[in-house]
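Working notes, structure below.
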Amino acid sequence: MLKKLFQSLRSPKRRTQQLRSTPEVLNSSQHSLQRAQFSRYAVNIVERLQNAGYQAYLVGGCVRDMLLNITPKDFDVATSATPEQVRAEFRNARIIGRRFKLVHIHFGREIIEVATFRANHPQNDEEEDSNQSSRNESGRILRDNVYGTLEEDAQRRDFTINALYYDPVSERILDYANGVHDIRNRLLRLIGDPQQRYQEDPVRMLRAVRFAAKLDFGIEKHTAAPIRDLAPMLREIPAARLFEEVLKLFLSGNACDTFEMLVDLELFDPLFPASAEALEHNPTYTHTLISEALRNTDLRIKQGKPVTPAFLFAALLWPALPARVLRLQDRGMPPIPAMQEAAHELIAEQCQRIAIPKRFTMPIREIWDMQERLPRRSGKRADMLLDNPRFRAGYDFLLLRESAGEQTHGLGEWWTDYQDANDSGRRDMIRDLSNNKDDGTGTAPRKRRRTSSSKRKRGTGADE
Ligand code: ATP
Ligand code: MG
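Residue numbers for the sequence shown follow our numbering, so the first one is 47 and each next one is one higher.
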């Protein structure tokens, strides 16, 4: 009791978004949502659960996005029914997850996720089972598997705009946290005390950036304020979870804005420490290369073209390579092995932070290796490279490097022309190379290699 009193004295008036005990209820004339806009399967699930006597709502991203006229990625349902009770109602339902159970209800290719209302774990360990603490010393929630009431479910959600519940039967929205107000004002605001909510789950800092970029929302000032101080907490997050989050950050179609915001809020450093260092030492080149890569990614996503995380990671990490290559060369390692070793080290280090799966790290290496091979075109080399399944990515990467100011003496243009040329044109181009003596035959006079490494140094050294 005394402890609580002191706690409340120490943090007297936090300007936080507290929850109402009863929600604001918006009926159909007070909002723009219509039942027919939602997945009929999701609506059907809600109806059936309600008919069986449970509470059930559409919730989270789908309600938020619909209010903003954005097509939702998926439709989530929250209910008072336990996973077993949900499964008992639907033949096509499968319980997934061991630690925290969810139900997936399948309708052909569409899957609706149904989650039982959850509660936050209590803040103080004295309030719970003593030796089974659900938080670590810094307040991070380690377990999050307690069922709760609808109010508690709203409370444990991250942002006010993500805590809206839509009942498609009565067509009413339940708003516990003034989320509709924040949607109207295009503001991202954490529910509760921001510092505490980030300490519970530092990934919420990344989610703030993701939603701000995706929705083009501002981050409310108390929600933004603690981020720079708490950013290092991301180092505690399991690398596998960060991989998922980083993919969402950069493959959402708003990667450029996301990157700027991550850098500004000092979140980029704990995610990509080596690249952040490159950004500091060599800002113009690093920033241009990464932004160009992300701009291409955003464009491809908007055009519905596929994007590979490997290309993205290859670009994010590339500016960190030269410093390492030079360090190894200074220790007497020849250029090519130094490049190989630096690539290996860099990826291994990065994987400590963000667990990039092997199926992506291999192509990253191939894209980088290709950069060493693209200048060596004589004889049959050019045609062999062209047949390499990684050629396209390697060539695109070369153009990316050029767009960031790396000097390659027209190598990108040469490859563009070579791809366009017919057989005899190609033979001429190869012949011109050997006449030119500057073809980088790959028998690689040592002098040339040194030149190309100093070229790279020059290209990336603009800010030094
Ligand atoms: P998206 O359109 O990107 O899927 P979303 O809001 O649906 O956005 P999800 O990651 O699918 O985001 O999460 C679904 C809901 O679960 C969120 O709207 C939010 O209410 C809640 N949620 C997810 N992650 C967290 C978290 N780390 N802390 C608190 N609440 C969370
Ligand atoms: Mg979602």
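Using N, Cα and C, we set each Cβ at its ideal position, and we do this for glycine too.
Leaving out five residues on either side along the sequence, give the residues of the same chain with a beta carbon under 6 Å from the beta carbon of residue i.
{"i": "Ala356", "result": "Phe406, Pro409 and Ile410"}
{"i": "Ala439", "result": "Phe357 and Ile413"}
{"i": "Leu252", "result": "Glu291"}
{"i": "Leu288", "result": "Ile400"}
{"i": "Phe136", "result": "Ile151"}
{"i": "Thr462", "result": "none"}
{"i": "Glu282", "result": "none"}
{"i": "Gly264", "result": "Leu233"}
{"i": "Gly24", "result": "The requested residue 24 does not occur in the structure, where the chain is confined to residues 47 to 510."}
{"i": "Thr128", "result": "Thr162"}
{"i": "Asp111", "result": "Pro118"}
What's the call for residue i, buried or exposed, on a 16-neighbour Cβ count within 10 Å?
{"i": "Asp228", "result": "buried"}
{"i": "Thr195", "result": "exposed"}
{"i": "Ser321", "result": "buried"}
{"i": "Lys348", "result": "exposed"}
{"i": "Met385", "result": "buried"}
{"i": "Thr117", "result": "exposed"}
{"i": "Leu345", "result": "exposed"}
{"i": "Pro240", "result": "buried"}
{"i": "Ala102", "result": "buried"}
{"i": "Arg202", "result": "buried"}
{"i": "Gln396", "result": "buried"}
{"i": "Gln417", "result": "buried"}
{"i": "Ile402", "result": "buried"}
{"i": "Ala467", "result": "exposed"}
{"i": "Glu266", "result": "buried"}
{"i": "Pro435", "result": "exposed"}
{"i": "Gly143", "result": "exposed"}
{"i": "Pro383", "result": "exposed"}
{"i": "Glu452", "result": "buried"}
{"i": "Pro380", "result": "exposed"}
{"i": "Pro491", "result": "Note that Pro491 has pLDDT 34, beneath the 50 cutoff, so the model's placement of it is unreliable and the number below is only indicative. Classification for Pro491: exposed."}
{"i": "Gly238", "result": "buried"}
{"i": "Asn231", "result": "exposed"}
{"i": "Asn138", "result": "exposed"}
{"i": "Asn342", "result": "buried"}
{"i": "Asn328", "result": "buried"}
If you drop the 5 nearest sequence neighbours on each side, which residues of the same chain put their C-beta closer than 7 Å to that of residue i?
{"i": "Thr487", "result": "In this prediction, Thr487 has a pLDDT of 45, which is less than 50 and means its spatial position is unreliable; what the coordinates show is noted afterwards. Contacts found: Arg422 and Ser424."}
{"i": "Tyr222", "result": "Leu65, Arg66, Pro69, Glu197, Ala200 and Ala209"}
{"i": "His333", "result": "Leu325"}
{"i": "Glu172", "result": "In this prediction, Glu172 has a pLDDT of 43, which is less than 50 and means its spatial position is unreliable; what the coordinates show is noted afterwards. Excluding sequence neighbours, Glu172 sits near nothing in its chain."}
{"i": "Ala98", "result": "Glu135"}
{"i": "Gln96", "result": "Ala102 and Val215"}
{"i": "Ser337", "result": "Cys302 and Phe305"}
Can you check whether the CB of residue j is closer than 9 Å to the CB of residue i?
{"i": "Pro365", "j": "Ala428", "result": "no"}
{"i": "Ile400", "j": "Leu317", "result": "yes"}
{"i": "Ala258", "j": "Met307", "result": "yes"}
{"i": "Gly299", "j": "Lys260", "result": "yes"}
{"i": "Val109", "j": "Leu79", "result": "yes"}
{"i": "Leu374", "j": "Tyr211", "result": "no"}
{"i": "Tyr100", "j": "Ile158", "result": "no"}
{"i": "Arg218", "j": "Leu114", "result": "no"}
{"i": "Val353", "j": "Leu297", "result": "yes"}
{"i": "Ala389", "j": "Leu367", "result": "yes"}
{"i": "Phe437", "j": "Leu431", "result": "yes"}
{"i": "Ser85", "j": "Glu130", "result": "no"}
I believe residue i touches residue j by the beta-carbon criterion, under 8 Å. Please report the beta-carbon distance rounded to the nearest angstrom.
{"i": "Pro214", "j": "Arg81", "result": "4 Å"}
{"i": "Leu236", "j": "Asp262", "result": "So it is not a contact: roughly 18 Å between Cβ atoms."}
{"i": "Tyr464", "j": "Arg472", "result": "6 Å"}
{"i": "Arg274", "j": "Leu311", "result": "6 Å"}
{"i": "Ala301", "j": "Leu340", "result": "4 Å"}
{"i": "Thr330", "j": "Val255", "result": "Not confirmed; about 23 Å, so no contact."}
{"i": "Ser126", "j": "Phe163", "result": "6 Å"}
{"i": "Val18", "j": "Arg140", "result": "For the chain, the structure presents residues 47 to 510; residue 18 sits outside this window and is missing."}
{"i": "Leu295", "j": "Ala450", "result": "The Cβ separation is near 21 Å, so there is no contact."}
Would a check of beta-carbon distances place residue i closer than 9 Å to chain B?
{"i": "Ala450", "result": "Absence of chain B from the displayed structure is noted, only one protein chain being present."}
CB-CB under 8 Å to residue i, same chain, minus the five flanking residues each way: which ones, in chain order?
{"i": "Glu448", "result": "Thr454, Leu457 and Gly458"}
{"i": "Ala271", "result": "Pro240"}
{"i": "Leu363", "result": "Phe318, Ala320, Ser321, Leu392, Ile393, Gln396 and Ile410"}
Environment of the ligand ATP in chain order, Cβ to heavy atom below 5 Å: Gly106, Gly107, Lys119, Arg203, Asp204, Asn208 and Asp247
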